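S.K.:
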Amino acid sequence: MSTPRRPLDRLIRPRSIAVFGGKEARRVIEQCDRMGFAGKIWPVHPREEEILGRRCYRSVADLPEAPDASFVGVNRALTIEVIRDLAARGAGGAVCYASGFREAANELADGNDLQEALVAAAGDMPIVGPNCYGFINMLDGALLWPDQHGMLRVERGVAILTQSSNIACNISMQKRGLPLAYVMTAGNQAQTGLSDIACAVLEDPRVTAVGLHIEGFDSIEALERLAHRARELRKPVVTLKVGKSEAAQLATVSHTASLAGNDRVSSALLARLGIGRVDTLPELLETLKLLHLHGTLPSADISSMSCSGGEASLMADAGVRRKVNFRALKEEQRQPLRESLGEMVTIANPLDYHTFVWGNREKQTAAFTAMMQGGYALNLVVLDFPRLDRCDAADWVTTCDAVIDSANATGAVAGIVASLGENMPEETAHSLMAAGVVPFFGIDEALAASETAAAIGTAWASPAPPPLIKAAIADGDPETLTEAEAKAELAAAGVPVPNGKTARTPDEAAEVAETLGFPVVLKGMGVAHKTEAGAVRLNLTNREAVVAAAEAMASVASGYLVEQMIAKPVAEVIIGAMRDPVAGPVLTIGAGGILVELLDDSAIVTLPATEEMIEAAIEGLKVRKLLGGYRGGPKGDVAALTRTVAAAASYVVANASKLEELDINPMMVLPDGHGVVAADALIRRRK
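Structure representation (structure tokens):
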């Protein structure tokens, strides 16, 4: 059982700092001095008398008092001793700079043991690392950071956390106008993970949003706590999740695991929690800009204006790849736009306003105001600046002023987008941020920010999800149920299955068929891939056909399952479940039958799931068009499908400690009002 830890407040917002070591420790003092840290700094060194004008102490015991924060920049073995002494003294916490712990276990035989010893030495004192640079707090000028950085003091801003010290360095050098309150690294996360650190910085009233660069989830429970607190405080969290889970994927005999995949489960998990996800570092920074200034968006409805048809086309095409909506203009917007822009401009969204009003602040303001009165969640104006070292940017400044005027007049959320990020001068970005207008570096990045802010806003508008299932897998060898056994279990859970019965011989199969009524389906039992092995025969209409089919598959089958033939469905769907190594049991819904891999049409639902979550997953499928009566065809029984998916989800939750895998494929969706039927099913579980 892990030791309960003290809060991180003293560590990340210190009033006193102790530094241990030589070169790196000296740099920490230099950075604190340069950034105006007002607290006490105590160097600890076995031989030096003073460092940068400060008296050196010989040990933790010699310090005037227990330090709030400590930077431990000594070798890995000595690090453990220092941490033990700090914990005993009642220090607030420490950054462990040294490497050679678990991250080097392949090269150093004692790497794992040393990391465990480090955690034990810390006890209830928070430690960050090992194998990390530490953190930068630009709100208070407290830097437990042994290197250069590109940051300035701020009064409020965003926090960015990463496992990677080098990525943290890169982020600190950004020239995008994003105010950075904290940049923090977690290294090996031996004791304190990114989610725990994020929870701590979230509580700082000067922090507006949090960005996480995640290589691997440290703790699902901590991530849930972070999401819950972010929702309470209305401070958004957005992640750049990279890499794959270290836990091996289960060896499966169905389609479910290949459809799910660890990365897709990560996306579903983050979406469930109301945490945004982006794909690149530029997208992370641009999204944080929007969240810092305006928080989440109520919808993905956006407008776009530019003085070029080429830029308007770039914006429209980029929108196809994103979950954003260039909603049509309202009728009352058209006349004001026509009056300000003239007859030769096509009134649309995205809108090319040409150059007729270029350099005219009054007319531009009138046009931008008319667009911003359309009720869009975000209003974008594409504007690439000329080089300031070679050109005159006066007219571009006029356009910026017009955007600011319009945003102030309407109260709308506005952004200026440079199609090429390098064309936005840093000083322009800072001035726009100060005016409440988001300076976006790149069209794709602007739309990623819009999509992500809207996704978080939509998630927050719904009730918070129930906690994830935490059931540990039971001991015992895995077993695969027969199709008949699997269907019996599912039927008891409320999943409709065909009327059927097993038989041992061809004649017995024929007798069962006569009892059920023709036509029937005959399946060979004990065959993993029935169709490929010729162990499935459909639409058998008499006794002789059943006997002949049974005899033909007798060499591969250990018995038979005879079922009533299912009527022609509107669509075939797969419902599956598997145990993800991080998120636990998850459900998969998608296009089924032979189209599983071909269509690549599926959704992941983390568990437990509400009916609303299931409905949303079904609505997002491509096969939903078919279920809606595609091109005059019959509509599918979507209500019955939703109920059945919910029943399957409940079965998975009830059996979470022993279920390895569930695969219902295909689930036949019949015409509206006629229900659904599970044509095939597989269950793998622990004995």
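Letter by letter, the sequence shown follows residues 11 to 697 of our numbering. The C-beta atom is built at its ideal place from N, Cα and C for all residues, glycine as well. The structure displayed is predicted, hence computed values, not measured ones.
Please state the DSSP three-state secondary structure of S660.
M.R.: It is helical.
S.K.: How should S472 be labelled, buried or exposed, when 16 other C-beta atoms within 10 angstroms of its C-beta is the threshold for buried?
M.R.: The residue in question, S472, is exposed, as its Cβ has fewer than 16 Cβ neighbours within 10 Å.
S.K.: Applying the 10 Å Cβ sphere with the 16-neighbour rule, what's the burial state of M677?
M.R.: buried
S.K.: Considering only C-alpha positions, which residue in the set V330, A387, L324 is nearest to L361?
M.R.: L324
S.K.: Under the rule that 16 or more other beta-carbon atoms within 10 Å means buried, what is R641, buried or exposed?
M.R.: exposed
S.K.: Going by beta carbon distance, what residues of the same chain come within less than 7 Å of W470, once the five residues before and after it are set aside?
M.R.: Excluding residues within five positions, the ones whose Cβ falls inside 7 Å are R241, G284, T306.
S.K.: Short of 7 Å in beta carbon distance, which residues of its chain neighbour M11, apart from the five on each side in sequence? Order them along the chain.
M.R.: Its pLDDT being 38, under 50, M11 is placed unreliably in this model, and the value from its coordinates should be taken loosely. If we look at M11 and ignore the five residues flanking it on each side, it has no Cβ neighbours.
S.K.: Return the residue from the list R235, M443, L298 that minimises the CA-CA distance to P477.
M.R.: Of all alpha-carbon atoms in R235, M443, L298, the one lying nearest the alpha-carbon of P477 is that of R235.
S.K.: With a CB to CB cut of under 6 Å and the five nearest residues on each side skipped, what residues in its chain are close to K497?
M.R.: V507, A691
S.K.: Report the three-state DSSP secondary structure of I674 (helix, strand or coil).
M.R.: strand
S.K.: Taking 7 Å as the cut-off, is the beta-carbon of V82 closer than that to any non-hydrogen atom of the ligand COA?
M.R.: With respect to small molecules bound, the structure shown includes none, and the ligand COA cannot be examined in it.
S.K.: So what does K245 bridge to, in DSSP terms?
M.R.: None, per the DSSP bridge assignment.
S.K.: Going by DSSP, what residue range makes up the beta strand (DSSP E) through N141?
M.R.: N141 -> no beta strand (DSSP E), and no H or E assigned at all.
S.K.: Run through the segment 422–467 for me and flag every whole beta strand (DSSP E) of 3 or more residues, listed as ranges in chain order.
M.R.: 424–428, 448–451
S.K.: Classify K632 as buried or exposed, calling it buried when 16 or more other Cβ atoms lie within 10 Å of its own Cβ.
M.R.: By the 16-neighbour rule on beta-carbons within 10 angstroms, K632 is exposed.
S.K.: List the endpoints of the continuous alpha helix (DSSP H) containing A560.
M.R.: 553–562 is the span of the alpha helix (DSSP H), which, as asked, contains A560.
S.K.: Hey, could you find the ends of the alpha helix (DSSP H) D405 is sitting in?
M.R.: 404–420
S.K.: How long is the line joining the alpha carbons of A545 and L233, rounded to whole angstroms?
M.R.: 47 Å
S.K.: Contact check, K299 vs L388 under 8 Å by CB: the rounded distance?
M.R.: Contact doesn't hold; Cβ gap of about 12 Å is too wide.
S.K.: My guess is that V505 and A657 are in contact by the Cβ rule of under 8 Å, so how many angstroms apart are they, rounded?
M.R.: 5 Å
S.K.: If you measure between the beta carbons of F451 and A424, is that distance less than 8 Å?
M.R.: no
S.K.: Whole angstroms are fine: how far does the CA of P246 sit from the CA of G83?
M.R.: 34 Å
S.K.: Mind checking N198: buried by the 16 CB within 10 Å criterion, or exposed?
M.R.: buried
S.K.: Give the secondary structure of C209 by DSSP, where H, G and I count as helix, E and B as strand, and everything else as coil.
M.R.: helix
S.K.: In the DSSP assignment, find the beta strand (DSSP E) that holds T375 and state where it starts and stops.
M.R.: It is not in any beta strand (DSSP E) - T375 instead sits in the alpha helix (DSSP H) that spans 371–382.
S.K.: So is E165 buried or exposed if we call it buried at 16+ other beta carbons inside 10 Å?
M.R.: exposed
S.K.: Just to confirm my understanding: we take A519, look at its own chain, exclude 5 residues before and 5 after, and list those with CB closer than 7 Å. What are they?
M.R.: A513, L532, V556, A560, Y570, V572
S.K.: Which residue or residues does DSSP assign as beta-bridge partners of S612?
M.R.: In the DSSP output, where bridge partners are listed per residue, S612 has G600.
S.K.: With a Cβ-Cβ cutoff of 8 Å, do E436 and K185 count as a contact?
M.R.: yes
S.K.: How is W52 classed by DSSP in three states: helix, strand or coil?
M.R.: DSSP places W52 in the strand class (E or B) of the three-state scheme.
S.K.: Go to I27, then tell me how far its beta strand (DSSP E) extends in each direction, as first and last residue.
M.R.: 26–31
S.K.: Could you have a look at K254 and say whether DSSP puts it in helix, strand or coil?
M.R.: Since pLDDT at K254 reaches only 46, below the 50 mark, its modelled position is unreliable, and the value read off the structure follows with that caveat. K254 falls in the coil class under three-state DSSP.
S.K.: Out of D150, G167, N176, state which residue places its alpha-carbon closest to the alpha-carbon of Q158.
M.R.: Of D150, G167, N176, the residue nearest in Cα terms is N176.
S.K.: Are the segment 143–161 and the segment 112–122 in contact at 8 Å, needing three or more beta carbon pairs?
M.R.: Segments in contact, no.
S.K.: Output the boundary residues of the alpha helix (DSSP H) element that contains L188.
M.R.: Counting along the chain, L188 falls outside any alpha helix (DSSP H), and DSSP gives it neither H nor E.
S.K.: Look at the Cβ atom of A196, then the Cβ atom of L171, and state whether they are nearer than 8 Å.
M.R.: yes
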